[in-house]
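Below is one structure; the comments refer to it alone.
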Amino acid sequence: MSVFEDALKKSKIFTTPDKKEVPVILDPVIPIVSTLSKDMITPHFSWKEALFLPTWNRMANTSDGLNDQVKANLTKVFSVLEEIRTLWGNKPITISCAYRPKAYNALPSIGGAPKSAHIDGMAIDFYISGVKCDEVRKTLIPLLDTFKIRMEHKDGSNWVHIDIRQSTPRYFIP
Ligand SMILES: [Zn+2]
43 MSVFEDALKK
53 SKIFTTPDKK
63 EVPVILDPVI
73 PIVSTLSKDM
83 ITPHFSWKEA
93 LFLPTWNRMA
103 NTSDGLNDQV
113 KANLTKVFSV
123 LEEIRTLWGN
133 KPITISCAYR
143 PKAYNALPSI
153 GGAPKSAHID
163 GMAIDFYISG
173 VKCDEVRKTL
183 IPLLDTFKIR
193 MEHKDGSNWV
203 HIDIRQSTPR
213 YFIP
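Residue numbers 43 to 216, in our numbering, belong to the letters of the sequence shown in order.
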């Protein structure tokens, strides 16, 4: 007997006047639509990518300063990254770094600016497989206003820094 038949057998049975058993139709399983899995921050990026701290080899947590505001900022900046991903024909994007707790940002090996937008969860460093970062920057410069982002002017670096801090100039030297 299949699992389904077994379930039917255990479900309520209607009995019609001629005693013919008519099984009640089981409630259909209603799929959850337009809801991301709890592991995902946006359709193509995970919370692990947003919160992983390579030097500490773990994800950031509340004791590091991770709070709802930081999470909201991360959601916003990763939503922009989704648009950038679309722009490049859905090529995979690798995250070098997104959220950095203050203490992590201050590590000499990280060398983050004291007021880095990464501390607020507003920034992402990334690269696109098979595309030079200088090429990515060149394409994004005229789109910074559209995406309402800033970008670091750092020729030759092997990552692209974008952030959603609203100050000018949008293309800035770190
Ligand atoms: Zn950065």
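Glycine is no exception: its CB is placed at the ideal position from the N, C-alpha and C atoms.
Report the CB separation of residue 84 from residue 121 in whole angstroms; it is logged as a contact under 8 Å. 6 Å
Buried versus exposed, by CB contacts within 10 Å (16 or more), residue 188: exposed
Checking 8 Å against the spacing of the C-beta atoms, do residue 119 and residue 206 come in under that value? yes
Check residue 102 in the structure and name its three-state DSSP category. coil
Pull up the CB-CB distance for residue 178 and residue 191, whole angstroms please, since I reckon it's below 8 Å. The Cβ separation is near 13 Å, so there is no contact.
Since residue 95 sits in a beta bridge, which residues does DSSP pair it with? 100
Please find out if some non-hydrogen atom of ligand 1 comes closer than 7 Å to the beta-carbon of residue 139. yes
Would residue 132 be called buried (16 or more neighbouring beta carbons within 10 Å of its own) or exposed? exposed
In chain order, what are the residues with a CB under 6 Å from some non-hydrogen atom of ligand 1? 160, 165, 167 and 203
Put residue 202 into one of helix, strand or coil per three-state DSSP. strand
According to the Cβ coordinates, are residue 204 and residue 152 closer than 8 Å? no
Please name the residue in 91, 109 and 110 whose C-alpha comes closest to that of residue 101. 91
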